[in-house]
Structure formats: structure tokens, C-alpha cells
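Numbering (the working numbering), first residue to last: 3 to 432. First the structure, in the form of C-alpha cells, and then the observations on it.
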Amino acid sequence: MSPISPSPDHALERPGRSWSGTVDYGPGPLHAPESVAQLQALVAAAPRIRALGTRHSFSEIAASDAALVTLAKLPSDLQFDTAARTVRVGAGVRYGELALAAADAGLALATMGSLPHISVGGASATGTHGSGDHHRSLSSSVRAIDLVTAEGDLLTLSRDQNPEDFDGMVLALGTLGIVTHLTLDLVPAFTMRQSVHLDFPADRMNGEDLGGMLAGGYSVSLFHHWDGHIAQAWVKQAVGVDEELPQTWFGGHRATAPVHPLPGMPADFCTDQTGEPGPSHERLPHFRLEFTPSNGEEIQSEYFVPRGQVAQALAAVMPLGERIRPLLHASEVRTVAADELWLSPAYQRDSACVHFTWKQLPREVDALLPEIEERLAPFAPRPHWGKVFTTAPDAVREQYPRLPEFLALRDRLDAGRKFSNAYVDRLLGE
Ligand SMILES: Cc1cc2nc3c(=O)[nH]c(=O)nc-3n(C[C@H](O)[C@H](O)[C@H](O)COP(=O)(O)OP(=O)(O)OC[C@H]3O[C@@H](n4cnc5c(N)ncnc54)[C@H](O)[C@@H]3O)c2cc1C
């Protein structure tokens, strides 16, 4: 299993591989500037360069045949504004570290991904999300960015100062420049409890019950194995706001011991599931910051579909269950609220996310994905940019009505395509 984040020793070596080991980032070099001024000089001089976050994407979104740069050696620069409920943070900082510091300042992130080890810059660039009918992607909480552009200039861009095109600037797949800092909206610190219910009856995957379960908490994750029933429901509730769930909920019974979402994995890596109240950042992610999370030996795919059609989308794929299961660790269903970010998979659409954690069988997964995607096609699926998919570029582009404006924005900021790579060229067009 690879380390979670690049060690300083990676600097100026070959960039190496992704956390899962399945993506080779290319020949490099990998630069690790120690100041923003160094980064600006580096970018100005480089014919082509691309940012690398904490290496948690499964797609080739961060790979390059040219130079890469990590911000791991830049200072965290955490600056909280408690009155405005915001934080300015270095792009290389991991959400788990940010959340800990926010708690000390009496603040919290409204939502978090399943893993707290992922960088703020890298997650914002791909539309990383947690779960909850009322929570938008992590990228949606960004209110300003500092961006090093192709010429090496440092621009501060914000929702307030750049209202026409800020929605195209945050979730930009690394194509507009290197983000050095982000300012994020926060909420007052709050307490949560998490519980897990198991072994739901098969008929709970119908539309009404599925919608009810997904709406049944502040943040809900449903795990299943394409055998027609939900195996685990992880429900995260805000204490004092959401009701505690009964022992039996939608026919599933409350787990009496902690579980891991992937069969056979130890639950010690996971956040508390006893219902004990705790700080939100210790309940919102599935995995604990202090442990190497999940498996490493995995690949992920995920498709955003309209939330109201999630039961039909799952039913459409269900006949492939027998072919999916041998390749699968577990599947997860989450929800994310619509946002306005031009390249967001949740753009103007309340979404449900149909997720697969695959065993590390890239060839077999690649062979099966087109069949899954064909069955999801009637639901206008938008693949997660950071996960593996085989959807044709035209079909991906069709899902983004604001793509022309995004491409015009990219032409303005990076006419020479200094920040592009093969993945971006293929999907967005050169
Ligand atoms: C175990 C596991 C669990 C996960 N759970 C979730 C989840 O709950 N929800 C979810 O949505 N996703 C999840 N993901 C996927 C992951 O959150 C995304 O792929 C995310 O983008 C990875 O961030 P990163 O920091 O590793 O960035 P990388 O993968 O290193 O890079 C991603 C993109 O960001 C760009 N980038 C990075 N830093 C910068 C910067 N400073 N400036 C400009 N561009 C930059 C890169 O160029 C690249 O295009 C999970 C992944 C793993 C391995």
C-alpha cells in the first residue's frame, strides 16, 4: 500500500504513482517549491506544468508527460475569520487538518468527503463531495482562490469580485493555473452522532424508501453489493437538530459492533458508529485521519444521476449484479445538492451518486464499465472527474451546458495550454 501523501523526499524525483498505485503520473520532474514566489518563477519558466494534490484520484486527471508541482512544502497559512465564518487555507492542506484547526476556532466544515486525508486544492478541483440532500460539493464552499497563472502572475479571484465567471474557476480540473490558497465558507462548530443499520429487506431499494433513507439524516451513505438490498446505512445526525434513529429503521437493525464498509476490513480505521456525540469532523468522514484509510488496493468509479431517479438508475444496473460482484469491494449511494459550478457533476441538479469501490482489477473493470454506463445512459450520468470511467468524451461534454463558457475562460487564462494534460485534452477537447 502506498503512503497517503507524498513525502518531502519525492521533491524533484519522478512523481511516482497515485495512492491506489494504479496511475503513473509520468516522467516528471516533480517540483516542490517552498514559497509562492518560487512557485510563480517555476510556472513562468515551465513550458507545461500541472499541480498534484494528495494523489487520491483514480482517473488520470493529475498525470502529465511534463512537469508536476506539489504544494506540500508551502506553509498551511490557516487564517480564520470567526465573524465572517471563513478560513483562508493553503491548497495543499488536508481537510482533516483544516477541520481540527477549525474546531479550535469554534468553526466547522458543513460537509466532508469519506476520507479526511485529501487536499483542499485537489478536492476542489474535481468536485469532491460528501453526502446529504442539503449539502453541496466541497468545491461549492470556496469563495475565493489565489491562482498562479501561465505567466507566473498571482491573481486573487472571488465570488464577490468575479461574479460572472467565478463559478467556472474553482472546479477547473487543474486547467486554469496552480491554486495556492482558497477561502472557504464554514459553519459554527457542531456536534454529530453516527450510527450504522444493517441488512435491510430487499424492497427498501424501491424509489420511495430509498429516497426516505437518503433524506433520513444530515448525511447518509448506503452500501450495497448489487444483490437487491442495502447492506449498511451509515447515518450521521446533527445533535440537537436531527432525531436519533430507532433500533429498527426501514427494516434494518442497528449494528451492535463497528463495521467497515468494505467486507473483511477492520473497523478500527472507521469513525465512531456508537451514536456517541462528537465533533462533526470526527463523524462526517467514514475514515479516521490518524489511520491509513480504506484499502489502497482499490479503484473507484462514480456517476451522478438525478436524485429523483436513483432507484430507477440502480434497477437498470442491477441485472449486471452477478458480473459486478466478483470485481467489487462495495458500492455506495450518497446524495449531493445542486450547485452552480460550471463543470460540477451536480451542476443545477440535485444528485444521487452511484459509486463503486472496485477490487484492483483495472482491465476487468474497464471492460465492464461501458455496460454499466450504457444502462445508466438514460439517466444522463455525469462521471466523477477523479474516478475511473469510460464514457465517450462527447457524452461527457453533452452533460455540461456551460462548457463553452469554461473553454472561453480557459482561453483567456491559459491560451497556450500550459496546464493541460492528455486526460483534459481528450475530455474537454484540445
Ligand atoms: C479512499 C478514497 C476515498 C475517496 N472519497 C471520496 C469522497 O468521499 N467523495 C468524493 O467526491 N471523492 C472521493 N475520493 C476521490 C478524491 O476526493 C478526488 O479524486 C480528489 O480530487 C482527490 O484530491 P487530491 O488532493 O488527491 O488531488 P489529486 O488527485 O492529486 O489531483 C486531482 C486534480 O486536482 C488538481 N489539483 C490538485 N492541487 C491543485 C492545485 N493546488 N491547483 C490546481 N489544481 C490542483 C490536479 O491537477 C488534478 O487535476 C476518494 C478517493 C479515495 C482514494
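All C-beta atoms in this analysis are idealised placements derived from N, C-alpha and C, irrespective of residue type, glycine included.
- Residue pairing by DSSP puts A69 in a beta bridge opposite I51.
- Looking from the CA of A191, the closest CA among A86, P268, H283, E278 belongs to H283.
- Within the region 95 to 172, the runs of alpha helix (DSSP H) at least 4 residues long that lie entirely inside it are, in chain order, 97 to 106, 122 to 128.
- At the C-beta level, V189 and A93 stay beyond 8 Å of one another.
- In the structure shown, G254 falls within a strand segment according to DSSP collapsed to helix, strand and coil.
- With 16 or more other Cβ atoms from the protein chains shown falling within 10 Å of its own Cβ, R195 counts as buried.
- Around the C-beta of N423, 16 or more other C-beta atoms lie within 10 Å, and the residue is accordingly described as buried.
- Remark: the shortest separation between the CB of T128 and any heavy atom of ligand 1 falls under 7 Å.
- Every unbroken stretch of the beta strand (DSSP E) spanning 3 or more residues and falling wholly within the region 219 to 278 is given here in chain order: 221 to 226, 232 to 240, 254 to 256.
- The C-beta distance from L186 to T88 rounds to 6 Å, short enough to meet the 8 Å contact threshold.
- Comparing alpha-carbon positions, the option among L322, M267, R145 lying closest to A369 turns out to be L322.
- Taking 8 Å as the cut-off, the Cβ atoms of V243 and A235 do not count as close.
- Fully contained in the region 329 to 413 are the following beta strand (DSSP E) runs of length 3 or more, in chain order: 330 to 338, 353 to 361.
- Ligand 1 never approaches S221 closely enough for any of its heavy atoms to be under 7 Å from the residue's Cβ.
- In this structure the region 365 to 380 lies against the region 309 to 323, because at least three pairs of beta carbons, one per stretch, are closer than 8 Å.
- When the five nearest sequence neighbours on each side are left out, the beta carbons in the same chain lying within less than 6 Å of the beta carbon of H131 are those of S139, V338, in order along the chain.
- In this structure, S59 has its CB closer than 7 Å to one or more heavy atoms of ligand 1.
- Counting of Cβ neighbours within 10 angstroms places D155 among the exposed residues, the total staying below 16.
- Contact annotation: P395 and F306 have beta-carbon atoms that are not nearer than 8 Å.
- Per DSSP, reduced to three states, the secondary structure at Y425 is helical.
- H386 places its beta carbon less than 8 Å from that of P347.
- A69 is the residue among W251, V38, A69, P364 whose C-alpha sits nearest the C-alpha of R16.
- Spanning the alpha carbons of E300 and K389 requires a straight line of approximately 11 Å.
- Look at T56: its beta carbon is less than 7 Å from one of the heavy atoms in ligand 1.
- Between the region 241 to 257 and the region 202 to 215 there are three or more inter-stretch CB-CB distances shorter than 8 Å, so the stretches are counted as touching.
- At a threshold of 7 Å, Q302 counts as near ligand 1, since its beta carbon sits closer than that to one of the ligand's heavy atoms.
- A distance below 8 Å between beta-carbons, with the five flanking residues on each side excluded, links A317 to the following residues of its chain, in chain order: M207.
- For D211, there is no enclosing beta strand (DSSP E); the enclosing alpha helix (DSSP H) has its first and last residue at 209 to 216.
- Per DSSP, the beta bridge partners of H183 are G92, D148.
- By DSSP's assignment, T193 forms a beta bridge with P281.
- Secondary structure at R327: helix, using DSSP grouped into helix, strand and coil.
- Counting only residues of its own chain and dropping the five nearest sequence neighbours on each side, A103 has a CB closer than 7 Å to the CB of L80.
- Rounded to the nearest whole angstrom, the C-alpha separation of R414 and G431 is 16 Å.
- For V198, the closest alpha carbon among the candidates K75, D83, D274 is that of D274.
- Assignment of beta-bridge partners to D26 by DSSP yields R19.
- In the three-state reduction of the DSSP assignment, P77 falls in the coil class.
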